[in-house]
Structures are given as structure tokens and as C-alpha cells.
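Remarks on the structure that follows.
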């Protein structure tokens, strides 16, 4: 199981799998343990404000390093807008300069989406920082292949991983239950579908039950 000390990447098997609510949930659970947490959204595109949503739900400070108006992958969104691409070194420095005990770095889209200058990806940032990665996966059909591919891509670069199911359905079917058995990787937790609709106080109380986090004293 991964440890939460310093930078931790939160990536996903695809877009829309629940990275933002997972990041908010992890932040809330870590804060409840008494840890200091900083959240960085590497690149934000479109009208959504993931950083603001994370702060609303978890209470943790959150910010985006780059923001582009078009709802596209960051590399394409930057090209269309004419705004500068984020450099890998800038993202790494932002994580390392944070005084928080844990810095959660939320990616955009899937693991290998190009995020900035020269086409660097969330995986490249994890390698640069030497940090572990939380992989957010779907619960239903297709998730076994997507999760396996994502974990293999991280393992090839020596990155430690854990898996979170980003939206466990209220009424799961056979596929979801079977995937609980067959989903690869170390299971860190699961988040109930619709968790982002909870009021912040309820979200923060519930988040501690969603993850199998090590106790702070176990980290030292």
C-alpha cells in the first residue's frame, strides 16, 4: 500500500471517472487524521472549477496551475487559446515548494494525456517527483482492461500505486460485484456515486470511511 507523505498523484483510467471527488475525499480523510494537506490541480480546462469544488467539499486549499477555456485535453486547449503551456519543472516545483505534509496532485483526463510543454504527462510528473499514484477507476464493464493498462504504464516507470473506485453505484449489478474480485492493484477504497452532492460537513465525515489510509503514527 502506498504512503501519504509529500506529493501523491491522483490520476484516472479515463476522463469522468471521479478524480475530483476522490481527491476531495482523500483530502478530507487526511485532514481528519490531523494531517496538513495542499491540493494542486495540474491543468483545468472548460468551465468547471475542480479546485474550487475540492475546497468546498474538503476544506483543503486547492489551486490550478494552468487553466484554459476550451473543454479539451490541456495540450489542445492551450494551443487553441494561445495561452502558454505549463512546464514540467513548474508543476514539480509547485509540489515541492508546498509546506503541507501531503500534496495531492490531480491530473486531467487519463494518465497519458499531454498536460504541458513538450507533451509531458501525469506519469512524467510522478517520475520527476518520485511519488506514488492513486488510480481512480470505474466500477462497471470495461474497467478491468483500462485499470490494468494504467497500472502497467505506471509500474514500468517504478511508480507505486493504489486503486480507488470513483463512483460505486447505489444499485450495483453483477459486473460491478465481479469487478470487485477481479480489479487489479491494491485497493485503497471506493466512493459512493453521488458523494459530491453531500453537503460539505457530511462529505468530510463520510470520507474517512471510504479509504483504508494508514494511521499517521504508522508512517514514522
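Numbering (this note's numbering), first residue to last: 681 to 900. For every residue, glycine included, the Cβ atom is placed at its ideal position computed from N, Cα and C. Please read these numbers as outputs of a predicted model, since none were measured by experiment.
Query                                                                                                    : Result
Presumed contact (8 Å Cβ cut-off) between residue 715 and residue 884, rounded CB distance               : Residue 715 to residue 884, Cβ: 13 Å. No contact.
Pairwise C-alpha distance: residue 814 and residue 719                                                   : 14 Å
Any chain D beta carbon closer than 9 Å to residue 854                                                   : In the structure shown, chain D does not exist; there is a single protein chain.
DSSP state of residue 781 mapped onto helix, strand, coil                                                : coil
Distance between beta carbons of residue 831 and residue 797, contact taken as under 8 Å                 : So it is not a contact: roughly 27 Å between Cβ atoms.
When 891, 847, 851 and 812 are compared against residue 683, the one with the closest alpha-carbon       : 812
Assumed close pair residue 702, residue 846 - CB separation to whole angstroms, cut-off 8 Å              : 5 Å
Cβ pair residue 717, residue 780 closer than 9 Å                                                         : yes
Start and end residues, alpha helix (DSSP H) containing residue 791                                      : Careful: residue 791 lies outside any alpha helix (DSSP H) and carries neither H nor E.
3 or more residues per run - each beta strand (DSSP E) lying fully within the stretch 756 to 780         : none
Residue environment, residue 738, which counts as buried when at least 16 other CB atoms sit within 10 Å : buried
Between the CA atoms of residue 756 and residue 900 - distance to the nearest angstrom                   : Unreliable positioning characterises residue 900 in this predicted model, as indicated by a pLDDT of 49, which lies under 50. The coordinate reading is nonetheless provided below. Distance between the alpha carbons of residue 900 and residue 756 is about 43 Å.
Beta-carbon proximity of residue 911 to residue 863, cut-off 9 Å                                         : No answer is possible for residue 911: it lies beyond the span of the chain, which begins at 681 and ends at 900.
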